[in-house]
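Right, one structure below, let's go through it.
In our numbering, the protein residues as written are 2 to 148.
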C-alpha cells in the first residue's frame, strides 16, 4: 500500500471510530433510566429477530465473549426484560427471548433515540446519509470476514 492509501485508511478509520464514540455517547444520554447501550442492543436484536437465541449465538452476533454476554443477560433478566429458559433439546444450553416488558423498554428507548439520530441525519443531509450507507455496509461485511 502506498503512503497515500495508508493515510486514507487511517483517516477513514479515525473518523469511523470518532463517529462511533460520539454516537454511542449521544444515544446513551437519552436511554431510559437504568438501561445501558448494551441492553438496548440486545433487546433491539431480539425484537427484530422475533426468535429465541442462545447466549452463545448472541455473543457471536455482538462479537463479545460468552462471559460478557452472560453478564448483560443477567442484568436484562433481573430487570424483567428477557426470559431465559433451558433449551428443551439440550439441557446444557439456555435460550433467551425478549419479554413483553422488554419490548416496551426497547420501544421507549427507540422513541428516545430516534429524534437524536434523525437530527444528525437531517443536519448531514439525507442524500449524504443514503450515499454513505452502502459503503459502511460493505466495510462491515468485509471486516466481519476478517475474523
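Where is the CB? At the ideal position from N, CA and C, for every residue including glycine.
- Task: Would you list the residues sitting across from residue 118 in a DSSP beta bridge?
- Result: By DSSP's assignment, residue 118 forms no beta bridge with any residue.
- C-alpha gap between residue 120 and residue 72, whole angstroms: So the alpha carbons of these two residues sit roughly 33 Å apart.
- Should residue 48 and residue 104 be called a contact, given that it needs their Cβ atoms to be closer than 8 Å? yes
- Query: Going by alpha carbons, who is nearest to residue 112 out of 11, 41, 12 and 133?
  - Reply: 41
- Message: Mapping the DSSP letters down to three states, classify residue 87 as helix, strand or coil.
- Response: Residue 87 sits in a strand when the DSSP states are folded into three classes.
- Message: Can you look up residue 96 in the DSSP assignment and give me helix, strand or coil?
- Response: Looking at residue 96 - three-state DSSP - the assignment turns out to be strand.
- Keeping to the same chain, check which residues put their C-beta closer than 8 Å to that of residue 100; ignore five residues upstream and five downstream. Excluding the 5 residues flanking it on each side, residue 100 has same chain C-beta neighbours closer than 8 Å at 81, 82, 83 and 84, in chain order.
- Message: Just to confirm my understanding: we take residue 98, look at its own chain, exclude 5 residues before and 5 after, and list those with CB closer than 7 Å. What are they?
- Response: 47, 53, 83 and 84
- Message: Our contact map puts residue 57 next to residue 66 with C-beta atoms below 8 Å; I'd like the distance itself, whole angstroms only.
- Response: No, residue 57 and residue 66 are not in contact; Cβ-Cβ is about 10 Å, not under 8 Å.
- Task: Note down, in chain order, each residue of its chain lying with its Cβ closer than 7 Å to the Cβ of residue 27, except the 5 sequence neighbours on either side.
- Result: 117
- What is the rounded straight-line gap between the Cα of residue 76 and the Cα of residue 33? 15 Å
- Whole runs of the alpha helix (DSSP H) within the stretch 36 to 82, excluding any shorter than 4 residues: Entirely contained in the stretch 36 to 82, the alpha helix (DSSP H) runs reaching 4 residues are, in chain order, 38 to 50, 56 to 62 and 67 to 80.
- Query: In whole angstroms, what separates the C-alpha of residue 93 from that of residue 74?
  - Reply: 17 Å
- Query: For residue 36 versus residue 110, is the C-beta spacing smaller than 8 Å?
  - Reply: Closer than 8 Å, so yes.
- Task: Would you kindly work out how many angstroms separate the C-alpha atoms of residue 13 and residue 88, rounded to a whole number?
- Result: The straight-line gap separating the alpha-carbon atoms of residue 13 and residue 88 is approximately 43 Å.
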